[in-house]
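Undergrad: So the sequence lines, in the order shown, correspond to chains A and B.
Taking the numbering used here, I'd label the letters of the first sequence as residues 256 to 415.
Taking the numbering used here, I'd label the letters of the second sequence as residues 256 to 415.
A virtual CB, placed ideally from N, CA and C, is assigned to each residue, including glycine.
Number of protein chains: 2
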Amino acid sequence: MLDEKRNSARGNAPVRRLADLDGVLTFRLARLQNRLNAQAAAVLGGLGGPSLTQWRLLTAIHTLGETTLSEIVRELRFDKGQVSRALTAMMGRGWVLARPDPDDQRRQILALTSAGITEHTRLLGPMRARQAALAKSLSGPEQAGLLAGISAIEAALDDP
Amino acid sequence: MLDEKRNSARGNAPVRRLADLDGVLTFRLARLQNRLNAQAAAVLGGLGGPSLTQWRLLTAIHTLGETTLSEIVRELRFDKGQVSRALTAMMGRGWVLARPDPDDQRRQILALTSAGITEHTRLLGPMRARQAALAKSLSGPEQAGLLAGISAIEAALDDP
DNA sequence: ATATGTAAGTTGACCTGTCAACTATATTTG
DNA sequence: CAAATATAGTTGACAGGTCAACTTACATAT
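(1) Of the residues B/Gly400, B/Gly404 and B/Ser392, which one's Cα is nearest the Cα of A/Ala410?
(2) Of all the options A/Leu280, A/Phe282 and A/Leu291, which has the alpha carbon lying nearest to the alpha carbon of B/Ala285?
(3) Answer with yes or no whether the minimum CB distance from B/Leu291 to chain A is below 7 Å.
(4) So that I know if they touch, is there some Cβ in chain B lying closer than 7 Å to that of A/Leu412?
(5) When you compare only the Cα positions, how much space is there between B/Ala399 and A/Ala403?
(6) Determine the burial state of B/Gly349: buried for a count of at least 16 other Cβ atoms within 10 Å of its Cβ, exposed for fewer.
(7) Whose C-alpha, out of A/Phe282, A/Trp310, A/Leu280 and A/Ala341, is nearest the C-alpha of A/Gly380?
(8) Closer than 9 Å by beta-carbon distance: list the chain A residues that pair up with B/Glu409, in chain order.
(9) Does DSSP put A/Thr373 in a helix, a strand or coil?
(10) Quick test of the definition: if touching needs 3 or more C-beta pairs under 8 Å, does the region 315-327 of chain A touch the region 355-367 of chain A?
(11) Using the DSSP secondary-structure output, state which residues sit across from A/Gln360 in a beta bridge.
(12) Does any residue of chain B have a CB that is nearer than 7 Å to the CB of A/Glu397?
(13) Please confirm if B/Leu401 has its CB atom under 7 Å from at least one CB of chain A.
(14) Using 10 angstroms around the beta-carbon of A/Pro305, count the other beta-carbons present and answer buried if the total reaches 16, otherwise exposed.
(15) What does DSSP give as the partner residue(s) for B/Thr322 in the beta ladder?
(16) Do B/Thr293 and B/Leu307 have their C-beta atoms closer together than 7 Å?
(17) Alpha carbon to alpha carbon, what distance is there between B/Gln288 and A/Lys335?
(18) Flag B/Arg332 as yes if its beta-carbon sits less than 7 Å from any beta-carbon of chain A, otherwise no.
(19) Which one or two residues does DSSP pair with B/Leu352 in a beta bridge?
(20) Can you give me the start and stop residues for the alpha helix (DSSP H) that B/Leu393 sits inside?
(21) How about B/Gly404: is its C-beta nearer than 7 Å to some C-beta of chain A?
(22) Are any of the Cβ atoms in chain A nearer than 7 Å to that of B/Leu204?
(23) Going along chain A, which residues have a C-beta under 8 Å from B/Ala387?
(24) Taking only beta-carbon atoms, is B/Ser392 less than 7 Å away from chain A?
(25) Compute the Euclidean distance between the alpha carbons of B/Thr281 and A/Gln386, then round it to the nearest angstrom.
(26) Does DSSP put B/Phe333 in a helix, in a strand, or in coil?
(27) What's the call for A/Thr318, buried or exposed, on a 16-neighbour Cβ count within 10 Å?
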């Protein structure tokens with residue numbers, strides 16, 4: 256199709272396809288990530304829900320129970336400015352409540368409100384369905400291998 | 256450390272750690288991706304080089320030989336506005352040359368200039384070294400499993 | 001031949017993420 | 001305890017990514 260035209264136009268130079276790039280792990284990851292994010296954002300958008308970042312924060316707070324901004328930053332490796340602003344927005348929506356930590360006045364302890372929990376629950380089904388659809392395309396060993404590989408790389412990043 | 260304080264402050268509620276989130280594939284991928292991008296950008300920055308996006312475009316054009324904007328968009332899943340602007344910048348730096356496609360006047364055929372190739376070559380060593388350091392932390396089967404997993408997910412994204 | 005539809009690329013408006021500076025509070029050390 | 005150092009969180013400035021509209025050119029079907 257396109258390639259024929261291109262090749263003929265330039266005298267049949269050998270076309271090195273992106274298969275070469277495919278060997279390069281970080282490229283593959285970047286492309287995959289772009290696609291997954293776009294898909295997730297589309298699902299959330301279709302539900303009239305929050306941004307992907309807000310969804311992740313909703314999930315993080317839900318998972319961690321009570322937490323603080325900097326714990327989220329450490330665990331998720333998000334930028335603290337970004338998290339600060341996103342949390343402000345989420346408090347504006349009534350999803351998150353911050354109360355001062357009596358033991359450390361720099362801290363605010365974050366928790367989901369019941370509205371936040373409701374919203375999280377509402378979105379969880381479709382998001383899980385999406386995840387399950389992806390997971391289904393992998394065999395058990397493939398899934399395990401993928402997660403193991405991710406863990407190994409992250410461990411390598413922790414060293415130096 | 257932190258957790259003790261937090262727990263005692265709120266009455267030893269069980270702390271569900273992010274280990275729970277770790278099961279969620281897309282979270283793991285997102286976090287990994289964040290860290291890898293930050294590392295790559297740091298390496299490029301240290302070399303006085305281009306942005307990560309420009310580096311990827313440099314590599315893509317180098318790999319594809321001659322190509323077009325929309326082919327890059329299709330293969331890499333970048334936004335075409337983003338690519339258009341990045342290419343303008345790279346032409347300004349003299350790394351990329353665009354010439355009209357005689358067969359299709361909408362198209363511009365992109366190629367690296369010799370300065371572009373030089374720049375790509377200069378950065379390739381350190382970037383490969385980084386990649387090799389990461390790859391070294393994985394066994395052969397782990398690497399293969401990781402790439403297979405990525406491919407399987409991308410295949411699943413192609414279906415629906 | 002012309003109308004209709006689709007692809008390539010550019011641009012502007014907007015949104016999100018990133019970096020650095022800053023305030024306020026804790027912690028550590030001499 | 002005072003001084004120095006480190007951490008929590010906010011903010012402003014900016015770079016970068018995203019979305020949609022638009023122009024031009026090609027393709028297809030009457």
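TA: Walking through what the data contain:
(1) B/Ser392
(2) A/Leu291
(3) Yes, contact with chain A.
(4) yes
(5) 11 Å
(6) Looking at its Cβ environment, which holds fewer than 16 other Cβ atoms inside 10 Å, B/Gly349 is exposed.
(7) A/Trp310
(8) Arg283, Arg286, Leu287 and Arg290
(9) helix
(10) yes
(11) Bridge partners of A/Gln360: none, in fact.
(12) yes
(13) yes
(14) buried
(15) B/Leu365
(16) Note that residue 293 of chain B is Ala in the sequence shown, not Thr. The answer is no: Cβ separation not under 7 Å.
(17) 17 Å
(18) At least one chain A Cβ lies under 7 Å of B/Arg332.
(19) B/Ala366
(20) Segment: none, B/Leu393 is in no alpha helix (DSSP H) and carries neither H nor E.
(21) yes
(22) Because chain B is modelled from 256 through 415, residue 204 of chain B falls outside the range shown and cannot be assessed.
(23) Those within 8 Å of B/Ala387 in chain A number zero; the least Cβ separation is about 10 Å.
(24) B/Ser392 counts as touching chain A.
(25) 8 Å
(26) B/Phe333: coil per DSSP, three-state reduction.
(27) buried
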